[in-house]
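Visitor: Below is one structure. I have some questions about it.
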Amino acid sequence: MIALPSNPDLLAASAPEAAETARDERYLEAAALYGAPLERMARAYEADPSRRQDLLQDVHVAIWHSLLAFDGRCSLRTWVYRVAHYTATKHMLANRRVRLHEMHTLDDIPDIEDDRDSPAADLEADSLRRLLTLIERLKPLDRQVILMYLEDFSAEAIGDVVGLSASNIATKIHRVKKLLASMFHERSAP
Amino acid sequence: MNGNTVWQSQTRESPRISLQYVRRQAERLNSDIRRELRFGYFGTVMCALGWGFLTFAPAPGWSTVGVSAPVVLVVQLTALLSLLACGYITLQIHRRGKLQRAAEHEQVMQSLHAYRTALERRRDHYSSAWRWSLWPVIPGVVVVLGGDWLFDERPGKWLRLSLAAVVCALAFLLGAWVSFRKGEEYQREIDALKSLDENSP
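As they're listed, the protein sequences go chains A and B. Just remember that the working numbering sits 178 ahead of the position in the first sequence, which is counted from 1. Just remember that the working numbering sits 6 ahead of the position in the second sequence, which is counted from 1.
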């Protein structure tokens with residue numbers, strides 16, 4: 179059965195056109211709310227600009243497709259991120275240059291020291307470059323965790339998306355904070 | 007400055023993706039099946055025209071090219087069998103493509119493994135293609151070769167028959183190989199998705 183949207187108005191009109199319209203509306207809402215984070219996510223999964231554009235398009239298509247089955251049992255944000263990360267990971271694995279066994283988990287990735295020569299250097303661009311370098315070395319699951327942490331997701335929200343318990347995610351976030359602290363000379367949160 | 011600030015302050019560089027564009031891209035997914043269907047419709051129409059011409063063409067036409075009655079029958083029967091084979095294959099592509107689309111419509115992302123399921127259906131479609139698309143052609147080939155064997159009195163018959171048999175066998179093998187390769191491509195993508203699960207805790 180096609181899962182119809184939970185909106186009562188649309189449930190009354192059970193015609194497929196109503197479900198299609200609801201999907202379009204949800205997609206437009208998702209694109210407006212999460213368009214920018216999705217673009218940042220694509221940057222973390224694909225370094226090549228033209229392939230990145232393809233990936234972003236694939237993500238949007240996958241989200242649009244999936245929203246026909248969106249039934250409101252999780253938030254729109256959780257749904258969008260699940261689909262987006264799944265699509266991005268699929269894209270990454272389809273790239274034959276990518277070697278999963280050469281990637282790290284958050285536990286075994288070496289600390290990245292702050293190698294900036296001068297604090298007056300182009301801080302933002304340099305920081306972003308090093309952040310992307312760190313993310314590109316991570317395995318898919320940990321990549322999802324760090325990307326959502328960087329988007330200010332809570333441990334519970336990340337857990338909802340990746341399917342792990344909040345405590346498990348909290349452990350990973352602790353490691354993420356430590357890694358970021360070593361990169362940015364921050365004081366790691368307790 | 008912290009990691010979150012750096013990350014979220016990135017400037018957007020991609021153009022906005024419109025709903026119309028997304029719809030158009032989504033349609034691409036079934037382009038393989040649509041192409042095969044178009045090819046199948048074209049083949050069926052051509053076979054129907056050929057069969058109609060060979061069956062209903064004025065009888066004196068055959069005698070002017072010196073073709074005997076049994077050979078005419080073989081040619082007509084071959085055309086009919088080709089038409090049936092083409093129609094059957096087109097029907098199969100249509101039915102299987104429709105099933106795939108229906109299943110996707112129902113299952114689309116009910117779980118995040120729906121994509122893998124869709125890939126598996128496409129892989130099965132191509133892996134089994136030789137079974138449902140090659141055997142319908144065999145009766146027509148058998149009639150052609152049998153008719154040639156029975157009624158062709160020209161010299162070099164065995165050489166021609168052998169060559170025809172080899173060409174048919176190669177065509178079958180090529181068709182099966184192309185389908186098999188497509189199935190393998192889908193299997194590679196499925197393996198890539200499986201490796202994602204294996205690397206999850």
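Positions of the beta carbon are idealized from the N, C-alpha and C atoms, including for glycine.
So Trp257 of chain A is in the alpha helix (DSSP H); what residue range does that whole segment cover?
Guide: To locate residue 257 of chain A, count along the first sequence from 1; it is residue 79. Run containing Trp257 of chain A: Leu254 to Ala272, per the alpha helix (DSSP H) assignment.
Visitor: By Cβ distance, which residues of its chain are closer than 6 Å to Ala220 of chain A, with the 5 residues on each side in sequence left out?
Guide: In the first sequence, the residue the question calls residue 220 of chain A occupies position 42. So the list reads Arg230, Leu233 and Leu234, once near-sequence residues are dropped.
Visitor: Out of B:Leu167, B:Leu55 and B:Asp158, state which residue places its alpha-carbon closest to the alpha-carbon of Leu86 of chain B.
Guide: For this step, residue 86 of chain B is matched to residue 80 along the second sequence. Out of B:Leu167, B:Leu55 and B:Asp158, B:Leu55 has the C-alpha closest to the C-alpha of Leu86 of chain B.
Visitor: Suppose you measure from the CA of Val51 of chain B to the CA of Trp136 of chain B; what does that come to, to the nearest Å?
Guide: For this step, residue 51 of chain B is matched to residue 45 along the second sequence. For this step, residue 136 of chain B is matched to residue 130 along the second sequence. Rounded to whole angstroms, Val51 of chain B to Trp136 of chain B spans 22 Å at the Cα level.
Visitor: Taking the runs of the beta strand (DSSP E) that are 3 residues or longer, which of them lie wholly in the stretch 113 to 164 of chain B?
Guide: Segments of the beta strand (DSSP E) lying fully in the stretch 113 to 164 of chain B: there are none.
Visitor: Using a C-beta cutoff of 8 Å, does Ser345 of chain A count as contacting chain B?
Guide: As a first step, residue 345 of chain A must be located in the first sequence, where it is residue number 167. Not an interface residue.
Visitor: Determine, using beta-carbon pairs with one atom in the stretch 15 to 34 of chain B and one in the stretch 321 to 340 of chain A, whether at least three such pairs fall under 8 Å.
Guide: No, the stretch 15 to 34 of chain B does not touch the stretch 321 to 340 of chain A.
Visitor: Following the continuous alpha helix (DSSP H) through Thr349 of chain A, name the residue where it begins and the one where it ends.
Guide: For the purposes of this step, residue 349 of chain A is identified with residue 171 of the first sequence, where counting begins at 1. Counting along the chain, the alpha helix (DSSP H) containing Thr349 of chain A begins and ends at Ala344 to Phe362.
Visitor: Using a Cβ-Cβ distance under 8 Å, would His352 of chain A count as near chain B?
Guide: Counted from its first residue, the first sequence places residue 352 of chain A at position 174. Answer no: the Cβ-Cβ gap between His352 of chain A and chain B never drops below 8 Å.
Visitor: For the putative contact between Val149 of chain B and Ala91 of chain B, defined by C-beta atoms under 8 Å, what is the C-beta separation to the nearest angstrom?
Guide: Walking along the second sequence from the start, residue 149 of chain B turns up at place 143. Walking along the second sequence from the start, residue 91 of chain B turns up at place 85. With 8 Å as the limit, Val149 of chain B and Ala91 of chain B do not qualify as a contact, their Cβ atoms being about 11 Å apart.
Visitor: Checking 8 Å against the spacing of the C-beta atoms, do His243 of chain A and Ala32 of chain B come in under that value?
Guide: To locate residue 243 of chain A, count along the first sequence from 1; it is residue 65. To locate residue 32 of chain B, count along the second sequence from 1; it is residue 26. Yes, they are a contact pair.
Visitor: If you compare alpha carbons, which of A:Ser360, A:Leu310, A:Pro194 and A:Arg260 is closest to Ala225 of chain A?
Guide: Taking the first residue of the first sequence as position 1, residue 225 of chain A is located at position 47. It is A:Leu310.
Visitor: Could you tell me the alpha carbon to alpha carbon distance between Gly250 of chain A and Glu198 of chain A, rounded to whole angstroms?
Guide: The residue given as residue 250 of chain A occupies position 72 in the first sequence. The residue given as residue 198 of chain A occupies position 20 in the first sequence. Taking the straight line from one Cα to the other gives about 16 Å.
Visitor: Along the stretch 24 to 39 of chain B, where does the CB come closer than 7 Å to a CB of chain A? Name the residues.
Guide: Those would be Leu25, Val28, Gln31 and Ala32, in chain order.
Visitor: Between which two residues does the alpha helix (DSSP H) holding Thr17 of chain B run?
Guide: Locating residue 17 of chain B in the second sequence gives position 11, counting from the first residue. That residue, Thr17 of chain B, is in no alpha helix (DSSP H); it is neither H nor E in DSSP.
Visitor: What does the alpha-carbon distance come out to for the pair Thr349 of chain A and Glu42 of chain B?
Guide: Here residue 349 of chain A is taken as the residue at index 171 of the first sequence, counted from 1. Here residue 42 of chain B is taken as the residue at index 36 of the second sequence, counted from 1. Looking at the two C-alpha atoms, the distance is approximately 51 Å.
Visitor: Could you say which of B:Gly162, B:Arg166, B:Val78 and B:Tyr132 lies nearest to Val151 of chain B if we only look at CA atoms?
Guide: Counting from 1 along the second sequence, the entry for residue 151 of chain B is found at position 145. In the sequence under discussion, the amino acid at residue 151 of chain B is Leu, which differs from the Val named in the question. Cα-wise, what sits closest to Leu151 of chain B is B:Arg166.
Visitor: Within the same chain, show all residues whose beta-carbon is closer than 7 Å to that of Val77 of chain B, passing over the 5 residues directly before and after it, in chain order.
Guide: The residue given as residue 77 of chain B occupies position 71 in the second sequence. Within the same chain, Val77 of chain B has close Cβ partners Gly153 and Phe157.
Visitor: Along the chain, where does the alpha helix (DSSP H) that runs through Leu60 of chain B open and close?
Guide: To locate residue 60 of chain B, count along the second sequence from 1; it is residue 54. From DSSP, the alpha helix (DSSP H) with Leu60 of chain B extends over Ser37 to Phe62.
Visitor: Could you tell me the distance, in whole angstroms, from the CA atom of Ile99 of chain B to the CA atom of Ile39 of chain B?
Guide: Indexing the second sequence from 1 puts residue 99 of chain B at position 93. Indexing the second sequence from 1 puts residue 39 of chain B at position 33. Cα to Cα, Ile99 of chain B sits roughly 7 Å from Ile39 of chain B.
Visitor: Determine the direct distance from the alpha carbon of His352 of chain A to that of Thr267 of chain A, and round the result to whole angstroms.
Guide: Here residue 267 of chain A refers to the residue found at position 89 when the first sequence is read from its first residue. Here residue 352 of chain A refers to the residue found at position 174 when the first sequence is read from its first residue. Using only the alpha carbons, I get a separation of about 23 Å.
Visitor: Residues of chain B with CB closer than 7 Å to the CB of Val339 of chain A, please, in chain order.
Guide: Taking the first sequence and counting its residues from 1, the one referred to as residue 339 of chain A is at position 161. Near Val339 of chain A there are no residues of chain B at all, since even the closest Cβ is about 10 Å away, more than 7 Å.
Visitor: Restricting to runs no shorter than 4 residues, where is the alpha helix (DSSP H) found entirely within the stretch 300 to 346 of chain A?
Guide: Correct list: 301 to 314, 318 to 328 and 333 to 340.
Visitor: So which of B:Val184, B:Val147, B:Phe48 and B:Arg160 has the shortest CA-CA distance to Val73 of chain B?
Guide: As a position in the second sequence, residue 73 of chain B is number 67, starting the count at 1. For Val73 of chain B, the nearest C-alpha among the options comes from B:Arg160.
Visitor: At what residues does the alpha helix (DSSP H) containing His243 of chain A begin and finish?
Guide: By one-based count along the first sequence, residue 243 of chain A stands at place 65. Its alpha helix (DSSP H) spans residues Pro227 to Ser244.
Visitor: Could you tell me the alpha carbon to alpha carbon distance between Val173 of chain B and Tyr264 of chain A, rounded to whole angstroms?
Guide: Reading the second sequence from its first residue, position 167 is the one you call residue 173 of chain B. Reading the first sequence from its first residue, position 86 is the one you call residue 264 of chain A. Roughly 46 Å between the two C-alpha positions.
Visitor: Is there a Cβ from chain A that is less than 8 Å from the Cβ of Gln193 of chain B?
Guide: Sequence index remark: in the second sequence, residue 193 of chain B carries index 187 (1-based). So, not an interface residue.
Visitor: Under DSSP, the alpha helix (DSSP H) around Thr283 of chain A begins and ends at which residues?
Guide: Stepping through the first sequence from its first residue, residue 283 of chain A is reached at position 105. Looking at the DSSP string, Thr283 of chain A is not in any alpha helix (DSSP H), and its letter there is neither H nor E.
Visitor: Buried or exposed for Gln322 of chain A, going by 16 or more other Cβ atoms inside 10 Å?
Guide: To locate residue 322 of chain A, count along the first sequence from 1; it is residue 144. Classification for Gln322 of chain A: buried.
Visitor: Hey, quick one: how far does the alpha helix (DSSP H) through Gly213 of chain A stretch, first residue to last?
Guide: As a first step, residue 213 of chain A is located in the first sequence; it is residue number 35 there, counting from the start. Its alpha helix (DSSP H) spans residues Pro194 to Tyr223.
Visitor: By Cβ distance, which residues of its chain are closer than 6 Å to Asp320 of chain A, with the 5 residues on each side in sequence left out?
Guide: In the first sequence, residue 320 of chain A corresponds to position 142, counting from 1. Around Asp320 of chain A: Thr283 and Leu284.
Visitor: Could you tell me which chain A residues have their CB closer than 7 Å to the CB of Arg18 of chain B, listed as they occur along the chain?
Guide: As a position in the second sequence, residue 18 of chain B is number 12, starting the count at 1. Ala214 and Glu217, listed in chain order.
Visitor: Residues of chain A with a CB under 7 Å from the CB of Val143 of chain B: which are they?
Guide: Sequence index remark: in the second sequence, residue 143 of chain B carries index 137 (1-based). Chain A residues near Val143 of chain B: none, gap ~35 Å exceeds 7 Å.
Visitor: Can you confirm whether Tyr223 of chain A, when its beta carbon is compared against all beta carbons of chain B, has any partner nearer than 8 Å?
Guide: The residue you call residue 223 of chain A lines up with position 45 of the first sequence. With 8 Å as the cut-off, Tyr223 of chain A does not count as an interface residue toward chain B.
Visitor: Check Arg101 of chain B in the structure and name its three-state DSSP category.
Guide: Sequence index remark: in the second sequence, residue 101 of chain B carries index 95 (1-based). Note: Arg101 of chain B maps to helix in three-state DSSP.
Visitor: According to a CB-to-CB cut-off of less than 8 Å, which residues of the stretch 194 to 207 of chain A neighbour chain B?
Guide: Per Cβ criterion, the list reads Asp202, Tyr205 and Leu206.
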